[in-house]
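Here the structure is laid out as structure tokens; the discussion comes afterwards.
Here it is in structure tokens:
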């Protein structure tokens, strides 16, 4: 009997911790056939033991312990790692890991893949010349470039100039049988607007807090009938706490920290709100919609590919007044949330299946190597 050799895949991320990109990575590793693949994860800066525990015990996780700024030592460390481990495939995620593809090229890793899950925090529009040049210099060394939304696909194709034969669109997907609403539930009297995300500038949670205040001025009863719950941790926590105190919203707006098991959190919400300045296709948005939560989200990145007037509300980034008006409308007419929430779940079931996502990555990993223009 012939022995089938497993393909060894090394995934490289900035941090292995709570986040949408990291959820995609963990879900793919858990769903891809263990008989065909052996996975390892390299985190440039570090990882949380709690998040690592979501991976199979057979998956090794390493940290290069990258220092802030330009830490050239990671290139030597990664070179030694690749020489020792000899992977069949290297898969890097987002701009922060892209430079390590040069090391993989030098080490002649047979298949080199890079995925763009969203634009960099310092370049939300994708127009930064330095970052664009970096991509144009390194993408010729890579066999396939994955975009998770059509917005990113078109940007990579037309603005960055990725060759058509290298570019793939693989939309994020989720397990809709896991992320589903409770069949019979009695909602609390207060209408709960929920948000999940890193507390970071690019997520712009300050706008959610300001919109809640505006809503309470539009309708004096709003503050008694609604709450805002923000799930997540990050560098902006202190600033957001100060803003909540400054606006006297401590009894209505709550920062509850990061959570690993999000299903229970989604089931406490009545609507899902986002205020991001830039996004790919957020996993939290897909999960929330799959739980029949109406999305009220900024019209940025790949979000308009998912949300439309039938299943939710879009508003312009930075428009806290518009968000406030929608929030008041939902609290005063709760049937809207229920009606559009059902359409939201249908949209996810129809278009954002985890099975389809995993099959697409498996096909990519099994596919013949694309010819490079430099080889």
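Residue numbers (the numbering used here): 16 to 390. Cβ coordinates follow ideal geometry from the N, Cα and C atoms, glycine included.
ask   = Using the beta-carbon count (16 or more within 10 Å), is residue 16 buried or exposed?
value = Within the chain shown, residue 16 is the residue found at index 1, counting from 1. With a pLDDT of 48 at residue 16, under the threshold of 50, the modelled position of this residue cannot be trusted; read the value that follows with caution. Classification of residue 16: exposed, given that the 10 Å Cβ count is below 16.
key: Cα-Cα separation between residue 387 and residue 38, rounded to whole angstroms   = Along the chain shown, read from residue 1 onward, the residue named residue 387 stands at position 372. Along the chain shown, read from residue 1 onward, the residue named residue 38 stands at position 23. Residue placement at residue 387 is poorly supported in this model, since its pLDDT is 43, which falls under 50; the coordinates still yield a value, given next. Cα to Cα, the separation comes out at about 30 Å.
request  = In angstroms with no decimal places, state the Cα-to-Cα distance between residue 137 and residue 213.
outcome  = Mapped onto the chain shown, residue 137 falls at position 122. Mapped onto the chain shown, residue 213 falls at position 198. Cα-Cα distance, rounded: 15 Å.
message = Check whether the region 339-348 and the region 299-319 touch, using three or more Cβ-Cβ pairs below 8 Å as the test.
response = Verdict: yes, contact present.
query = Among the residues of its own chain, which have a CB less than 7 Å from the CB of residue 373, if the five just before and after it don't count?
reply = Position 358 of the chain shown, counting from 1, holds the residue named residue 373. Taken in chain order, the residues that qualify are 43, 46 and 47.
ask   = Starting from residue 154 and walking both ways along the beta strand (DSSP E), at which residues does that stretch end?
value = As a working note, residue 154 is residue 139 in the chain shown. Where residue 154 is concerned, there is no enclosing beta strand (DSSP E), because DSSP gives it neither an H nor an E.
Strand pairing of residue 309, partner residues [DSSP] = By 1-based counting over the chain shown, the position of residue 309 is 294. Partner(s): 286.
task = Give the DSSP-derived three-state secondary structure of residue 136 in the structure shown.
result = For this step, residue 136 is matched to residue 121 along the chain shown. DSSP places residue 136 in coil when its eight states are reduced to three.
query = What's the gap between the Cα of residue 389 and the Cα of residue 155?
reply = Looking up residue 389 in the chain shown gives position 374. Looking up residue 155 in the chain shown gives position 140. Below a pLDDT of 50, predicted positions are generally treated as unreliable, and residue 389, at 39, falls in that range; no measurement from the model is reported.
query = Cα-Cα, which of 232, 146, 157 and 194 is closest to residue 174?
reply = Taking the first residue of the chain shown as 1, we reach residue 174 at position 159. Residue 174 has its Cα closest to that of 146, out of 232, 146, 157 and 194.
task = Would you mind reading off the limits of the beta strand (DSSP E) that contains residue 104?
result = Walking along the chain shown from the start, residue 104 turns up at place 89. Note, residue 104: beta strand (DSSP E), 104-108.
query = Terminal residues of the continuous alpha helix (DSSP H) containing residue 22?
reply = Counting from 1 along the chain shown, the entry for residue 22 is found at position 7. First-last for residue 22: 22-31, but that is the beta strand (DSSP E), not the alpha helix (DSSP H).
request  = With a floor of 4 residues, list each alpha helix (DSSP H) that falls wholly inside the region 221-301, ordered by position along the chain.
outcome  = Runs found: 237-240, 252-261 and 278-281.
message = By the DSSP assignment, the beta strand (DSSP E) with residue 69 in it spans what residues?
response = As a first step, residue 69 must be located in the chain shown, where it is residue number 54. No beta strand (DSSP E) holds residue 69; DSSP gives it neither H nor E.
request  = Whole angstroms is fine: what's the gap from residue 115's alpha carbon to residue 255's?
outcome  = Your numbering for residue 115 matches position 100 in the chain shown. Your numbering for residue 255 matches position 240 in the chain shown. Rounded to whole angstroms, residue 115 to residue 255 spans 35 Å at the Cα level.
request  = Write down the C-beta distance between residue 243 and residue 208 rounded to the nearest angstrom, noting that I regard them as a contact closer than 8 Å.
outcome  = Here residue 243 corresponds to residue number 228 of the chain shown, with the count starting at 1. Here residue 208 corresponds to residue number 193 of the chain shown, with the count starting at 1. Yes, they are in contact, since the Cβ atoms of residue 243 and residue 208 sit about 5 Å apart, within 8 Å.
message = Give me, in chain order, the residues of the same chain whose beta-carbon lies closer than 8 Å to that of residue 15; leave out the 5 immediate sequence neighbours on both sides.
response = No information on residue 15 is available, as it lies outside the stretch 16 to 390 that the chain covers here.
Nearest candidate by alpha-carbon position, reference residue 193, set 206, 237, 363 and 21 = The residue labelled residue 193 in the question sits at position 178 within the chain shown. Sorting 206, 237, 363 and 21 by C-alpha distance to the C-alpha of residue 193 places 363 at the top.
task = State the DSSP-derived secondary structure class of residue 328, mapped to helix, strand or coil.
result = Against the chain shown, residue 328 aligns to sequence position 313. The answer is strand: DSSP assigns residue 328 an E or B state.
ask   = Nearest CA to the CA of residue 80: which residue from 103, 93, 381 and 60?
value = Within the chain shown, the letter at position 65 stands for residue 80. Among 103, 93, 381 and 60, the Cα nearest to that of residue 80 belongs to 60.
Inter-residue spacing [alpha-carbon to alpha-carbon] between residue 127 and residue 225 = For the purposes of this step, residue 127 is taken as residue 112 along the chain shown, with counting starting at 1. For the purposes of this step, residue 225 is taken as residue 210 along the chain shown, with counting starting at 1. The C-alpha of residue 127 lies about 44 Å from the C-alpha of residue 225.
request  = With DSSP as the reference, label residue 215 as helix, strand or coil.
outcome  = Position 200 of the chain shown, counting from 1, holds the residue named residue 215. DSSP places residue 215 in the coil class of the three-state scheme, outside both helix and strand.
task = Could you give the DSSP three-state label for residue 321: helix, strand or coil?
result = Within the chain shown, the letter at position 306 stands for residue 321. Coil, per DSSP.
query = What do you reckon, are the CB atoms on residue 29 and residue 112 nearer than 8 Å?
reply = For this step, residue 29 is matched to residue 14 along the chain shown. For this step, residue 112 is matched to residue 97 along the chain shown. Result yes, Cβ atoms of residue 29 and residue 112 sit closer than 8 Å.
Span of the alpha helix (DSSP H) around residue 128 = If you number the chain shown from 1, residue 128 lands on position 113. From DSSP, residue 128 is part of no alpha helix (DSSP H) but of the beta strand (DSSP E) over 126-131.
ask   = With DSSP run on the structure shown, which of helix, strand or coil describes residue 81?
value = To locate residue 81, count along the chain shown from 1; it is residue 66. In the displayed model, residue 81 falls within coil according to three-state DSSP, outside both helix and strand.
message = Comparing C-alpha positions only, which one of 354, 357, 132 and 252 sits nearest to residue 316?
response = To locate residue 316, count along the chain shown from 1; it is residue 301. Minimum Cα distance to residue 316 is reached at 132.
inquiry  = Going by beta-carbon coordinates alone, are residue 33 and residue 54 separated by less than 8 Å?
reply    = Position 18 of the chain shown, counted from the first residue, corresponds to residue 33. Position 39 of the chain shown, counted from the first residue, corresponds to residue 54. Here residue 33 is not near residue 54, since their CB atoms are 8 Å or more apart.
task = Pick helix, strand or coil for residue 60, following the three-state DSSP scheme.
result = As a first step, residue 60 is located in the chain shown; it is residue number 45 there, counting from the start. Strand, per DSSP.
ask   = What residue range is occupied by the uninterrupted alpha helix (DSSP H) comprising residue 45?
value = Translated into positions along the chain shown, residue 45 becomes position 30. Judged by DSSP secondary structure, residue 45 falls within the alpha helix (DSSP H) whose first and last residues are 35-46.
ask   = What separation, rounded to the nearest whole angstrom, lies between the Cα atoms of residue 165 and residue 321?
value = Sequence index remark: in the chain shown, residue 165 carries index 150 (1-based). Sequence index remark: in the chain shown, residue 321 carries index 306 (1-based). So the alpha carbons of these two residues sit roughly 11 Å apart.
request  = State yes or no: is the C-beta of residue 239 within less than 8 Å of the C-beta of residue 223?
outcome  = To locate residue 239, count along the chain shown from 1; it is residue 224. To locate residue 223, count along the chain shown from 1; it is residue 208. The criterion of a C-beta distance shorter than 8 Å is not satisfied by residue 239 and residue 223.
message = Please identify the residue among 179, 160 and 288 whose C-alpha is closest to the C-alpha of residue 221.
response = The residue labelled residue 221 in the question sits at position 206 within the chain shown. It is 288 whose Cα lies nearest to the Cα of residue 221.
ask   = Between which two residues does the alpha helix (DSSP H) carrying residue 347 extend?
value = As a first step, residue 347 is located in the chain shown; it is residue number 332 there, counting from the start. Residues 335-347.
ask   = Out of curiosity, what's the CA-to-CA distance linking residue 120 and residue 336?
value = Here residue 120 refers to the residue found at position 105 of the chain shown. Here residue 336 refers to the residue found at position 321 of the chain shown. Taking the CA atoms as reference points, residue 120 sits about 50 Å from residue 336.
request  = Find out if the Cβ-Cβ distance for the pair residue 367, residue 75 is shorter than 8 Å.
outcome  = Translated into the one-based positions of the chain shown, residue 367 becomes position 352. Translated into the one-based positions of the chain shown, residue 75 becomes position 60. No.
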